[in-house]
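K.L.:
Here's a structure for you.
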Amino acid sequence: KVPSAISYGVRQVEQDLDVVLFRRLPRKVELTPAGELFMAEARSLLRQMEEVKAQTRRAAQGWKSTLKLTLDNVVKLEKLKPLVEDFYREFEFAELQINMEVFNGSWEAIAQGRADIVVGATSAVPVGGDFEVKDMGVLDWAFVMSPAHPCVRQQVLTEEFVSQFPAICLDDTSNVLPKRHTG
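All letters in the sequence shown, in the order written, are residues 71 to 253 by the working numbering.
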């Protein structure tokens, strides 16, 4: 724009706001404190408008602004940190919501729409639905006890024998699906 059009536009804004944005000196123009605030806020609004345009384009292309990730409690959290960092490097505009579940609670989360992706769900699929499942590996469970525990002296551990003793059990976090229990 030509200087006269810019000067006219500035005067219009000053009239609309009923404030002076610039001090007009003989050889230069300086922002007043009100002008500095106005410029800072205007720049912020322009950045916000650019982000709104980018978000709108992403939404039109099917991108979501939030990814809901559910982890089964068997997932080691220290292994997750680099993945989260990679996610935010690639998708800085998105929010990653992470939730922990146990056993069928992981399946329930995806079946009810509380998760977009589940990591660490058991291979026993208790729900129907259009899910893609990728094997991540095998998880071996170990029966762990003190060297002085009576189970150490048994050659064969039957459920009847083992059930005589207290055990630490994880509570399945599912509310609707049948709960799985393990010791």
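Heads up, the beta-carbon is just placed ideally off N, CA and C, and yes, glycines get one too.
Remember, it's a predicted structure, so these values are computed and weren't measured experimentally.
#1: Quick check on Val172: buried or exposed, where buried means 16 or more other Cβ atoms within 10 Å of its Cβ?
#2: Given the structure, does Val89 come close to the ligand NAD, in the sense that its CB is under 6 angstroms from one of the ligand's heavy atoms?
#3: Going by DSSP, which residues form a beta bridge with Glu156?
#4: Of the residues Phe201, Ile238, Glu230, which one's Cα is nearest the Cα of Ala212?
#5: Taking the beta carbon of Met206 as the centre, do at least 16 other beta carbons fall within 10 Å, making it buried, or is it exposed?
#6: My output table needs one value for Phe108: the three-state DSSP class, helix, strand or coil.
#7: For Phe201, which residues from the same chain have a beta carbon less than 8 angstroms from its beta carbon, with the 5 sequence-adjacent residues on both sides left out?
#8: What is the DSSP secondary structure of Arg32, counted as helix, strand or coil?
#9: Which one of Phe163, Met109, Val145 has the shortest CA to CA distance from Trp133?
P.N.:
With the structure as the only source:
#1: It is buried - the Cβ of Val172 has at least 16 other Cβ atoms within 10 Å.
#2: The ligand NAD is absent from the structure shown, which contains no ligand whatsoever.
#3: Rather than Glu, the amino acid found at residue 156 in this sequence is Asp. Paired residues: none, contrary to the question.
#4: If we check each option's Cα against that of Ala212, Ile238 comes out closest.
#5: Residue environment: Met206 is assigned as exposed (fewer than 16 neighbouring CB atoms within 10 Å of its CB, all protein chains considered).
#6: If DSSP states are grouped into helix, strand and coil, Phe108 belongs with the helices.
#7: Excluding its 5 nearest sequence neighbours in each direction, Phe201 has C-beta neighbours in its own chain below 8 angstroms: Ile180, Val195, listed in chain order.
#8: Coverage of the chain is limited to positions 71 through 253, which leaves residue 32 absent and any answer about it impossible.
#9: Considering only alpha carbons, the answer is Phe163.
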